[in-house]
Amino acid sequence: MSKDPIGLAGGLNAFQYAPNPVGWIDPLGLTGSNVPALPAPNQSDVSVPALSTTPVDPITKDPIGWVIVDGNGNAVIEPVGGSTVARSNGIDTHTLYANGSNCYRLNPKGHANNPCPHGHAHALGTGPNMKGQGASLDINGNVVPSNSAAAHIQLK
């Protein structure tokens with residue numbers, strides 16, 4: 065039992081609201097001290113890199129419009145302003161730059177000189193079809209010979 069059940073006797077009440085929660089918040093009597101305010105940062109203190117509004121393809125270094133994924137999980141990039149077309153054989157898929165040159169070629173059944181499933185990446189070319197496609201690129205974006213192993217990107 066308490067001698068003062070409704071708290072009229074006064075004294076230390078550990079549950080009361082502290083007079084200054086920043087300068088004095090210790091109910092055990094350990095007093096705080098006034099802490100000097102930190103100076104406000106100025107613009108020269110803040111270094112935030114600008115954010116790109118459009119992600120960039122790590123291979124072609126062009127802005128990504130869409131990511132096209134086949135049923136096996138193989139992904140190719142359609143650049144901004146480009147398009148995606150199924151080839152006449154009904155199997156291969158090509159993504160094109162805005163000028164119609166090949167960006168990526170997805171060959172899930174391979175082709176005559178390489179029957180393994182693979183894809184190709186290309187730099188921007190001069191125009192449509194294979195005659196207008198740009199140089200072949202490896203997975204790091206380096207120009208490589210079109211018949212090299214590095215120009216054939218393995219698919220799942």
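Numbering-wise, the sequence shown is residues 65 to 220 according to my numbering.
Yeah, the Cβ is synthetic: ideal placement off N, Cα and C, and Gly gets one too.
Here's the rule: buried if 16 or more other CB atoms are within 10 angstroms of the residue's CB, otherwise exposed. What is residue i?
{"i": "residue 259", "result": "Absent from the structure is residue 259, since the part of the chain shown begins at 65 and ends at 220."}
{"i": "residue 141", "result": "buried"}
{"i": "residue 136", "result": "exposed"}
{"i": "residue 191", "result": "exposed"}
Is DSSP giving residue i helix, strand or coil here?
{"i": "residue 185", "result": "strand"}
{"i": "residue 213", "result": "helix"}
{"i": "residue 196", "result": "helix"}
{"i": "residue 123", "result": "coil"}
{"i": "residue 151", "result": "coil"}
{"i": "residue 117", "result": "coil"}
{"i": "residue 103", "result": "coil"}
Looking at C-alpha atoms only, which residue of the options is the closest neighbour of residue i?
{"i": "residue 194", "options": "155, 151, 120 and 127", "result": "151"}
{"i": "residue 213", "options": "167, 184, 156 and 125", "result": "184"}
{"i": "residue 172", "options": "202, 192 and 220", "result": "220"}
{"i": "residue 205", "options": "215, 196 and 211", "result": "215"}
{"i": "residue 134", "options": "149, 143 and 128", "result": "149"}
Would you tell me roughly how many angstroms separate the C-alpha atoms of residue i and residue j, rounded to the nearest one?
{"i": "residue 180", "j": "residue 218", "result": "8 Å"}
{"i": "residue 122", "j": "residue 146", "result": "17 Å"}
{"i": "residue 157", "j": "residue 170", "result": "5 Å"}
{"i": "residue 189", "j": "residue 125", "result": "14 Å"}
{"i": "residue 166", "j": "residue 120", "result": "17 Å"}
{"i": "residue 211", "j": "residue 155", "result": "21 Å"}
{"i": "residue 163", "j": "residue 175", "result": "25 Å"}
{"i": "residue 203", "j": "residue 177", "result": "20 Å"}
{"i": "residue 104", "j": "residue 129", "result": "41 Å"}
Grab me the residues of residue i's own chain with a C-beta within less than 8 Å of its C-beta, minus the 5 sequence neighbours each way, in chain order.
{"i": "residue 186", "result": "124, 165, 166, 167, 168, 169, 197, 198, 199, 200 and 201"}
{"i": "residue 127", "result": "118, 119, 120, 121, 143 and 144"}
{"i": "residue 182", "result": "171, 174, 216, 217, 218 and 219"}
Which same chain residues end up closer than 6 Å to residue i when comparing Cβ atoms and leaving out the 5 residues on each side of it in sequence?
{"i": "residue 161", "result": "143, 146, 167 and 188"}
Please return the same chain residues whose Cβ sits closer than 7 Å to the Cβ of residue i, not counting the five positions on each side in sequence.
{"i": "residue 131", "result": "139 and 141"}
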